[in-house]
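**Q** Once you've had a glance at the structure underneath, I'll fire off some questions.
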Amino acid sequence: MPLDDAVSPLIRTVGLDGMLVSFGDRLSEPANRAAIAFRAALDAQGWEGIEESSSSLVSCYVRFDPLVLAHAVLHARLEELIAAQDWLEAELPHGRMLHRIPTVYGGTSGPQLAEAAAAAGLSEAEALESLSSARVRVTALGFAPGQPYLGELPECWDIPRQQALTPRVPKGALVVAIRQLVLFGVSAPTGWRHVGQTGAELFREGAERPFLLAPGDEVVFPAVSAEALRGMANGGVSSEVLS
Amino acid sequence: MSLEILSAGPMLSVQDHGRHGRKRFGVPAAGAMDRPAMDLANALCGNPLSAAALEFTAIGGSFRAGRALRLAVTGGDCDIRIGERLLSAGQSHAVEAGEVVKIGALKGATWGYIAVSGGIAVPEVLGARATHLRFALGGLEGRALRAADQLPLGDADETAPCLRPRDPASRPGPNAPERAIRVVLGPQDDYFSAKVLAQLETARFRISAQRDRMAMVLDGPSLPAMRGHDIVSDGIVSGAIQVPASGQPMVLMADAQTTGGYPKIATVTTADLPRLAQLPTGADLRFEVVSRDEAEDILLAERARLREVLASLVPATGMTLSSGFLLSCNLAGSIVEPEAVMGRDLEPSKDMAQ
Chain A
121 MPLDDAVSPL
131 IRTVGLDGML
141 VSFGDRLSEP
151 ANRAAIAFRA
161 ALDAQGWEGI
171 EESSSSLVSC
181 YVRFDPLVLA
191 HAVLHARLEE
201 LIAAQDWLEA
211 ELPHGRMLHR
221 IPTVYGGTSG
231 PQLAEAAAAA
241 GLSEAEALES
251 LSSARVRVTA
261 LGFAPGQPYL
271 GELPECWDIP
281 RQQALTPRVP
291 KGALVVAIRQ
301 LVLFGVSAPT
311 GWRHVGQTGA
321 ELFREGAERP
331 FLLAPGDEVV
341 FPAVSAEALR
351 GMANGGVSSE
361 VLS
Chain B
101 MSLEILSAGP
111 MLSVQDHGRH
121 GRKRFGVPAA
131 GAMDRPAMDL
141 ANALCGNPLS
151 AAALEFTAIG
161 GSFRAGRALR
171 LAVTGGDCDI
181 RIGERLLSAG
191 QSHAVEAGEV
201 VKIGALKGAT
211 WGYIAVSGGI
221 AVPEVLGARA
231 THLRFALGGL
241 EGRALRAADQ
251 LPLGDADETA
261 PCLRPRDPAS
271 RPGPNAPERA
281 IRVVLGPQDD
291 YFSAKVLAQL
301 ETARFRISAQ
311 RDRMAMVLDG
321 PSLPAMRGHD
331 IVSDGIVSGA
341 IQVPASGQPM
351 VLMADAQTTG
361 GYPKIATVTT
371 ADLPRLAQLP
381 TGADLRFEVV
391 SRDEAEDILL
401 AERARLREVL
411 ASLVPATGMT
421 LSSGFLLSCN
431 LAGSIVEPEA
441 VMGRDLEPSK
451 DMAQ
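So the sequence lines, in the order shown, correspond to chains A and B. For the first sequence, the positions run 121 to 363 when my numbering is used. For the second sequence, the positions run 101 to 454 when my numbering is used.
This is the structure:
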């Protein structure tokens with residue numbers, strides 16, 4: 121029983137002090153753009169009692185103090201803001217960036233490249249070519265500090281997550297599933313397939329911009345050798361403003 | 101001036117109120133599993149409630165005071181000794197420079213708190229000192245504390261008195277199964293049939309051994325989602341009851357990741373989450389669904405109760421108890437080794453990965 125797109129966006133209750141505005145029940149580029157833009161618009165309202173807001177793939181979470189901002193009032197204001205424009209047509213954020221993050225694919229740096237390629241119906245060389253040339257967008261930061269979900273890859277990458285978890289991938293691991301990439305900011309277990317390794321620092325305490333990536337940014341993961349990556353400062357990451 | 105750790109229990113970490121407001125950057129909050137208990141420990145030491153303290157489970161450890169300080173242990177009953185002196189939990193005690201405090205087994209609770217006057221002054225990371233163990237964030241090098249660690253302490257006025265609550269702790273024992281854990285439905289209650297939603301309230305669940313600071317897995321009836329167990333990842337809060345494909349519910353706790361891809365049938369109310377966290381492994385519980393308005397009233401009442409507890413602290417004078425007295429009260433236990441009580445309780449649960 122999938123949601124009818126006509127009835128979205130939906131406002132859902134998250135405990136006593138949270139609401140979730142969903143722009144779809146599956147990942148799509150417009151729904152992701154809507155979630156990013158809606159969060160920025162909500163932030164810009166400056167409503168008293170809002171404690172934080174956060175966009176994920178297709179939804180925007182808002183936490184508030186119900187003793188300052190009654191939930192009925194917030195619900196009405198959210199409905200009003202939802203109706204104010206067609207969020208699925210919203211623009212991408214201003215000042216977003218393009219990052220190049222050098223990546224070592226396959227071998228011990230990406231032990232599941234061959235397996236992922238087979239699942240995608242590609243040879244290992246084709247998979248490397250496809251992943252290293254894809255330009256993907258940061259759809260959300262989540263799970264761990266500064267850790268991006270990136271999408272969407274070409275359709276052949278609509279491969280399922282593995283049934284069994286990989287007990288641990290290292291920090292900086294590039295993993296793939298369901299037309300998306302995740303770049304791990306911490307060492308963690310995962311059901312996604314580990315295809316490459318980067319030296320990217322997604323989070324740096326005390327830096328002017330503590331988080332490397334922001335939702336709406338674009339990223340490419342060009343292929344380099346393990347030796348070349350070892351010789352690069354800061355994982356060889358380069359960034360430029362896109363718009 | 102510091103607090104030196106001579107030995108540490110299995111999961112001793114620096115915690116405070118957590119780093120809130122950075123969910124959009126993927127930063128999990130962390131912070132105390134039982135915030136009211138930590139607040140009481142800080143208040144007993146004359147600290148601001150925002151001060152960092154130590155959280156432990158099962159057993160605390162041994163600590164050498166680098167300066168004169170006041171120390172309080174809260175969360176549950178606990179064996180506390182300085183040399184031959186036996187001290188009680190739930191009030192602060194003066195510790196002389198160089199003295200060693202042994203904090204033993206926690207009884208009837210899962211999470212204990214050790215506050216010292218001046219607070220634990222490790223550097224803040226992203227606005228908080230709380231440790232997120234899985235992501236190695238905050239605290240001391242982002243990890244659990246161990247022997248030989250030196251914790252910096254904040255300044256404190258050591259002429260201030262030791263304190264105790266005027267009345268004994270008012271929280272009922274964690275084994276009070278007649279008191280339901282109250283929840284608000286959602287955000288994805290529409291993924292579950294009316295029958296399953298009813299089951300959430302009527303069934304008994306049991307705290308399984310799969311628990312840590314990130315989540316608690318509950319044994320009990322399976323809660324199948326009629327619309328499936330895979331959703332597009334969305335924002336997660338502590339208290340969320342998420343249901344993966346196994347149908348086995350899992351309550352996300354203080355170290356919850358910021359996003360997750362399983363439907364959340366309901367969310368535990370802020371007031372009842374610490375009580376849930378303190379339930380011992382194997383304890384039975386049931387849930388009661390309340391409206392948001394009711395949850396708001398419950399929170400207001402709970403905040404008022406906690407303010408009352410903190411406002412009613414009085415100087416504790418000459419409260420060092422003799423071991424004979426404690427034995428007569430059946431309160432004196434032995435200080436046991438961590439391995440004896442740790443078990444396999446705190447191994448991470450598999451379903452927490454992406």
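We put the CB at the ideal spot given by N, CA and C, even for glycine. Note that the coordinates shown come from a computational prediction; the quantities given were computed from them, not determined experimentally.
Runs of 3 residues minimum, wholly inside the stretch 371 to 402 of chain B: which ones carry the beta strand (DSSP E) assignment?
**A** If we require 3 residues or more, the beta strand (DSSP E) runs fully inside the stretch 371 to 402 of chain B come out as 387 to 389.
**Q** Are the C-beta atoms of E172/A and some chain E residue less than 8 angstroms apart?
**A** As a matter of chain content, chain E is missing from the structure shown, whose protein chains are A and B.
**Q** To the nearest angstrom, report how far apart A325/B and G347/B are at their CA atoms.
**A** Against the second sequence, residue 325/B aligns to sequence position 225. Against the second sequence, residue 347/B aligns to sequence position 247. Cα-Cα distance, rounded: 8 angstroms.
**Q** Output, in chain order, the set of chain A residues within a Cβ distance shorter than 9 angstroms of H120/B.
**A** Counting from 1 along the second sequence, the entry for residue 120/B is found at position 20. Neighbours of H120/B on chain A, chain order: E171, E172 and R183.
**Q** Decide yes or no for the touch test of the stretch 190 to 209 of chain B against the stretch 331 to 344 of chain A: beta carbon pairs closer than 8 angstroms, at least 3 of them.
**A** Contact fails: fewer than three Cβ-Cβ distances are below 8 angstroms.
**Q** Can you name the residues of chain B whose CB is closer than 9 angstroms to the CB of T318/A?
**A** The count along the first sequence starts at 1 and reaches residue 318/A at position 198. Ordered by position in chain B, no residue passes the 9 angstroms Cβ test against T318/A, which lies about 17 angstroms from the chain.
**Q** Taking a contact to mean a Cβ-Cβ separation below 8 angstroms, would you say R153/A touches A192/A in this structure?
**A** For the purposes of this step, residue 153/A is taken as the residue at position 33 of the first sequence. For the purposes of this step, residue 192/A is taken as the residue at position 72 of the first sequence. No, they are not a contact pair.
**Q** When burial is assigned at 16 or more other CB atoms within 10 Å of the CB, is Q342/B buried or exposed?
**A** Position 242 of the second sequence, counting from 1, holds the residue named residue 342/B. So Q342/B ends up on the buried side.
**Q** When DSSP builds the beta bridges, which residues end up paired with R132/A?
**A** Counting from one through the first sequence, the residue named residue 132/A turns up at place 12. BP columns for R132/A point to L140/A.
**Q** CA-CA distance, P222/A and V344/A?
**A** As a position in the first sequence, residue 222/A is number 102, starting the count at 1. As a position in the first sequence, residue 344/A is number 224, starting the count at 1. Going from the Cα of P222/A to the Cα of V344/A covers about 6 angstroms.
**Q** Here's the rule: buried if 16 or more other CB atoms are within 10 angstroms of the residue's CB, otherwise exposed. What is V332/B?
**A** Reading the second sequence from its first residue, position 232 is the one you call residue 332/B. When all chains shown are included, V332/B counts as buried.
**Q** With H, G and I counted as helix, E and B as strand and the rest as coil, what does DSSP make of Y269/A?
**A** Reading the first sequence from its first residue, position 149 is the one you call residue 269/A. Residue state, collapsed to three classes: strand.
**Q** I need the straight-line Cα distance from T259/B to A108/B, nearest angstrom please.
**A** For the purposes of this step, residue 259/B is identified with residue 159 of the second sequence, where counting begins at 1. For the purposes of this step, residue 108/B is identified with residue 8 of the second sequence, where counting begins at 1. Their backbone Cα atoms lie some 29 angstroms apart in a straight line.
**Q** With DSSP collapsed to three states, give me the class of K291/A.
**A** Counting from one through the first sequence, the residue named residue 291/A turns up at place 171. Note: K291/A maps to coil in three-state DSSP.
**Q** To the nearest angstrom, how far is the alpha carbon of P274/A from that of V289/A?
**A** Against the first sequence, residue 274/A aligns to sequence position 154. Against the first sequence, residue 289/A aligns to sequence position 169. Using only the alpha carbons, I get a separation of about 24 angstroms.
**Q** Give, in chain order, every unbroken run of the beta strand (DSSP E) that is at least 3 residues long and sits entirely within the stretch 149 to 205 of chain B.
**A** Segments of the beta strand (DSSP E) lying fully in the stretch 149 to 205 of chain B: 153 to 156, 159 to 165, 169 to 174, 177 to 182, 185 to 187 and 192 to 195.
**Q** DSSP state of Y181/A, grouped into three classes?
**A** By 1-based counting over the first sequence, the position of residue 181/A is 61. Here Y181/A sits in strand by DSSP.
**Q** Going by C-alpha to C-alpha distance, which of A151/B, V317/B, R392/B and G382/B sits closest to A228/B?
**A** Against the second sequence, residue 228/B aligns to sequence position 128. Considering only alpha carbons, the answer is A151/B.
**Q** With DSSP collapsed to three states, give me the class of R220/A.
**A** In the first sequence, the residue the question calls residue 220/A occupies position 100. R220/A falls in the strand class under three-state DSSP.
**Q** So, with DSSP's three-state summary, where would you put I279/A?
**A** Position 159 of the first sequence holds residue 279/A. It is coil, neither helix nor strand.
**Q** According to DSSP, simplified to helix, strand and coil, what is F158/A?
**A** Counting from one through the first sequence, the residue named residue 158/A turns up at place 38. Looking at F158/A - three-state DSSP - the assignment turns out to be helix.
**Q** Check whether the Cβ of S175/A lies closer than 8 angstroms to any Cβ atom in chain B.
**A** On the first sequence, position 55 is the one that residue 175/A refers to. At least one chain B Cβ lies under 8 angstroms of S175/A.
**Q** For I180/B, which residues from the same chain have a beta carbon less than 6 angstroms from its beta carbon, with the 5 sequence-adjacent residues on both sides left out?
**A** Counting from 1 along the second sequence, the entry for residue 180/B is found at position 80. Only V173, L187 and I203 meet the Cβ criterion.
**Q** Checking contacts by CB at 8 angstroms: is G239/B closer than that to chain A?
**A** Start at 1 with the first residue of the second sequence, and residue 239/B comes out as number 139. Cβ-Cβ to chain A under 8 angstroms: no for G239/B.
**Q** Residues in its own chain within less than 7 angstroms of S142/A by CB, not counting five upstream and five downstream?
**A** Locating residue 142/A in the first sequence gives position 22, counting from the first residue. The answer, listed in chain order, is S128, P129, L130, R132, V178 and S179.
**Q** Relative to the alpha-carbon of P349/B, which residue among M316/B, L237/B, A404/B and H120/B has its alpha-carbon at the smallest distance?
**A** Here residue 349/B corresponds to residue number 249 of the second sequence, with the count starting at 1. Among M316/B, L237/B, A404/B and H120/B, the Cα nearest to that of P349/B is on M316/B.
**Q** Strictly below 7 angstroms CB to CB, what residues from chain B border V178/A?
**A** Taking the first sequence and counting its residues from 1, the one referred to as residue 178/A is at position 58. Result: V332.
**Q** Report the residue from T370/B, G121/B, A256/B and A247/B whose alpha carbon sits nearest the alpha carbon of A455/B.
**A** Look at the range of chain B in this structure, 101 to 454, and you will see that residue 455/B is not part of it.
**Q** Return the first residue and the last residue of the alpha helix (DSSP H) that T318/A is part of.
**A** Along the first sequence, read from residue 1 onward, the residue named residue 318/A stands at position 198. Segment R313 to T318 is the beta strand (DSSP E) holding T318/A; no alpha helix (DSSP H) there.
**Q** I'd like the span of the alpha helix (DSSP H) that includes M138/B, first residue to last.
**A** Taking the first residue of the second sequence as 1, we reach residue 138/B at position 38. Unbroken alpha helix (DSSP H) run through M138/B: R135 to L144.
**Q** The beta strand (DSSP E) with Q299/B in it runs from where to where?
**A** Looking up residue 299/B in the second sequence gives position 199. Where Q299/B is concerned, there is no enclosing beta strand (DSSP E), although the alpha helix (DSSP H) it sits in stretches over A294 to T302.
**Q** Among A151/A, G326/A and L248/A, which has the Cα closest to the Cα of G230/A?
**A** What you label residue 230/A is simply residue 110 of the first sequence in a count that begins at 1. Checking every option, the nearest Cα to that of G230/A belongs to L248/A.
**Q** What residue from R329/A, E321/A and E325/A has the CA that sits closest to N354/A's CA?
**A** Indexing the first sequence from 1 puts residue 354/A at position 234. That would be E321/A, whose Cα lies nearest to the Cα of N354/A.
**Q** Which chain A residues are close to G286/B, counting only those with a beta carbon under 7 angstroms from its beta carbon?
**A** Walking along the second sequence from the start, residue 286/B turns up at place 186. What G286/B touches in chain A: R132, T133 and V134.
**Q** Where does T210/B land, buried or exposed, given buried means 16+ other C-beta within 10 angstroms?
**A** On the second sequence, residue 210/B is found 110 positions in, with the first residue counted as 1. The residue in question, T210/B, is buried, as its Cβ has 16 or more Cβ neighbours within 10 Å.
**Q** Shortest alpha-carbon distance to P110/B belongs to which of P252/B, E155/B and V200/B?
**A** In the second sequence, the residue the question calls residue 110/B occupies position 10. Nearest of P252/B, E155/B and V200/B to P110/B, Cα basis: E155/B.
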